[in-house]
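In the numbering used here, the protein residues as written are 185 to 357.
Quick reminder that beta carbons are idealized off the backbone N, C-alpha and C, glycines included.
Take a look at the structure below.
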Amino acid sequence: MEDVLNGKKILIVDDEPDVLETLVEILDMCLVDTAPNFETAKKFLNKNVYDLAILDIMGVRGYDLLQLANERNVPALMLTAHAMSPDNLIKSIKGGAQSYVPKDKISEIALYIGDILKSRGKAGAEKRAKWFERLEPYFDQKFGEGWKDKDKEFWKVFDRKYRPSREEIEDMI
Numbered sequence: 185m186e187d188v189l190n191g192k193k194i195l196i197v198d199d200e201p202d203v204l205e206t207l208v209e210i211l212d213m214c215l216v217d218t219a220p221n222f223e224t225a226k227k228f229l230n231k232n233v234y235d236l237a238i239l240d241i242m243g244v245r246g247y248d249l250l251q252l253a254n255e256r257n258v259p260a261l262m263l264t265a266h267a268m269s270p271d272n273l274i275k276s277i278k279g280g281a282q283s284y285v286p287k288d289k290i291s292e293i294a295l296y297i298g299d300i301l302k303s304r305g306k307a308g309a310e311k312r313a314k315w316f317e318r319l320e321p322y323f324d325q326k327f328g329e330g331w332k333d334k335d336k337e338f339w340k341v342f343d344r345k346y347r348p349s350r351e352e353i354e355d356m357i
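Here's what the structure looks like:
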């Protein structure tokens with residue numbers, strides 16, 4: 185995984201200094217800029233080119249930053265603790281986030297970033313919900329049984345768009 189991340193330019197935005205420090209340590213193979221607030225992050229996004237942005241949702245106007253990242257073709261991973269809900273998960277996906285990761289899984293962040301970076305530019309990259317497959321058991325436990333029932337149509341479209349079909353899996357094998 186480190187090969188994919190080596191030398192990549194990453195913007196990390198979070199209002200918690202300990203989260204910024206932890207991510208800088210985990211991603212020591214990357215070139216990292218950190219921003220503790222929306223204004224600083226916006227300046228960085230306007231001035232620099234990034235391979236990926238890690239955006240907190242609460243406290244830094246994460247959804248506004250997601251829109252800016254999308255406008256600059258910077259894939260974004262939403263990292264959150266306080267905004268951990270099915271509604272925010274859906275809002276992040278609809279807003280163009282490439283991944284939605286709970287801060288509980290911060291130690292695995294390189295894995296999720298690697299998945300995003302490997303899928304960029306590949307044919308069939310629209311089937312890039314590997315992060316969701318990895319985190320679905322966590323979401324099931326966190327949100328409770330039947331948590332997707334409220335938004336069945338969204339999840340049906342999500343599965344069609346981002347998850348490989350049985351036939352596609354068989355073709356890969």
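Check: For F153, collect the residues of the same chain with a Cβ closer than 6 Å to its Cβ; drop the 5 residues on either side in sequence, then sort them by chain order.; Outcome: Nothing can be reported for residue 153: it is not among the residues displayed for the chain, which extend from 185 to 357.
Check: Quick one: residues in its chain with C-beta nearer than 7 Å to the C-beta of T206, no 5 flanking neighbours on either side, listed in chain order?; Outcome: I290
Check: In the DSSP assignment, find the alpha helix (DSSP H) that holds K275 and state where it starts and stops.; Outcome: 270-278
Check: Leaving out the 5 sequence neighbours to the left and right, which residues in its chain are closer than 8 Å to I300 when beta-carbon positions are compared?; Outcome: L236, P259, L261, Q282, S283, R312, W315
Check: What are the partner residues of V216, as DSSP defines its beta bridges?; Outcome: I194
Check: To the nearest angstrom, how far is the alpha carbon of N232 from that of G330?; Outcome: 42 Å
Check: Going by C-alpha to C-alpha distance, which of P201, K193, V208 sits closest to F228?; Outcome: K193
Check: Helix, strand or coil: how does DSSP classify S284 here?; Outcome: Residue identity differs from the one stated: residue 284 is Tyr in this sequence, not Ser. Correct three-state label for Y284: strand.
Check: I need the boundaries of the alpha helix (DSSP H) containing L207, first residue and last residue.; Outcome: 201-210
Check: Determine the DSSP secondary structure at A265, reduced to helix, strand or coil.; Outcome: coil
Check: Give a yes or no on whether the C-beta atoms belonging to A219 and L195 are separated by under 8 Å.; Outcome: yes
Check: Reducing DSSP to helix, strand and coil, say where I241 ends up.; Outcome: coil
Check: Just curious, the alpha helix (DSSP H) that E223 is in, first and last residue?; Outcome: 222-231
Check: Find the nearest neighbour of E292 within the set K340, N272, D198, L211, judged by alpha-carbon distance.; Outcome: L211
Check: Measure the Cβ-Cβ separation of Y247 and I238 and say whether it is below 8 Å.; Outcome: no
Check: Would you mind working out which of M268, H266, A225, E255 sits nearest G279, comparing C-alpha positions?; Outcome: E255
Check: Relative to the alpha-carbon of S269, which residue among S303, T224, Y322 has its alpha-carbon at the smallest distance?; Outcome: Y322
Check: Leaving out five residues on either side along the sequence, give the residues of the same chain with a beta carbon under 6 Å from the beta carbon of D324.; Outcome: none
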